[in-house]
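Some notes on the structure that comes next.
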Amino acid sequence: MSAAKVIQLAWSALLLLTILPGLFIEPTAGRMLWTCFALVMLVAAIGCLGNRRSCWCIAFLGCLIAFVTHAPMLAQNVNMYLHDDPLYVDSPATIYVVALLSLSFLAPPALIFSCLLLDRRRFVQVWYRAPIHSTDTATLAKPSSADNPYEPPGT
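Each residue of the sequence shown is one higher than the last, beginning at 240 in my numbering.
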């Protein structure tokens with residue numbers, strides 16, 4: 240889950256850094272909306288470092304929103320590219336713009352979802368507020384009931 244936290248934090252920070260300058264160049268409603276989205280995602284990513292349930296909910300839903308809004312666009316543009324749409328015949332570099340958008344809005348949520356899927360036990364513990372028995376430091380030492388932890392039991 241620590242990989243998901245790092246990816247979430249890096250993605251939200253880079254998203255904010257790439258969207259924010261466009262807001263100052265030409266402020267539009269869409270850029271304002273995406274800037275607010277990136278800011279909320281950054282705050283949620285910082286909260287995820289402390290395993291806060293509300294921040295994980297916001298981060299999970301934010302990744303889901305980014306994935307659901309951009310996956311159909313990628314599918315449609317790839318379909319248009321493969322079927323020689325006039326848009327791609329006239330300007331073949333358009334597919335590179337689509338690839339950049341998919342790298343910035345589809346790849347990070349997919350990586351975050353795969354990290355959460357691989358560590359779903361701990362994610363479910365955070366999601367349902369169950370006690371977390373294992374930590375990110377992965378300590379293997381168990382507490383001993385003996386007075387001397389180096390002494391074998393029953394001696």
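The C-beta atom is built at its ideal place from N, Cα and C for all residues, glycine as well.
Around the beta carbon of residue 251, 16 or more other beta carbons sit within 10 angstroms, so the residue counts as buried.
Inclusion of residue 297 and residue 283 in the CB contact set at 8 Å is warranted, their separation being smaller than that value. Of all C-beta pairs linking the region 307-325 to the region 334-345, three or more are shorter than 8 Å, placing the two stretches in contact. Counting along the chain, the unbroken alpha helix (DSSP H) around residue 309 starts and ends at 292-321. The criterion of a C-beta distance shorter than 8 Å is satisfied by residue 287 and residue 247. A straight line joining the alpha-carbon of residue 330 with that of residue 321 spans about 14 Å.
Secondary structure at residue 329: helix, using DSSP grouped into helix, strand and coil.
Excluding five sequence positions before and after residue 279, the CB atoms of its chain that fall closer than 8 Å to its own CB belong to 297 and 301, given in chain order.
In this structure, residue 299 sits away from residue 349, with a CB-CB distance that is not shorter than 8 Å. Going by DSSP, residue 274 is part of the alpha helix (DSSP H) stretching over 268-287.
In this chain, residue 345 is not harboured by any alpha helix (DSSP H), its DSSP state being neither H nor E.
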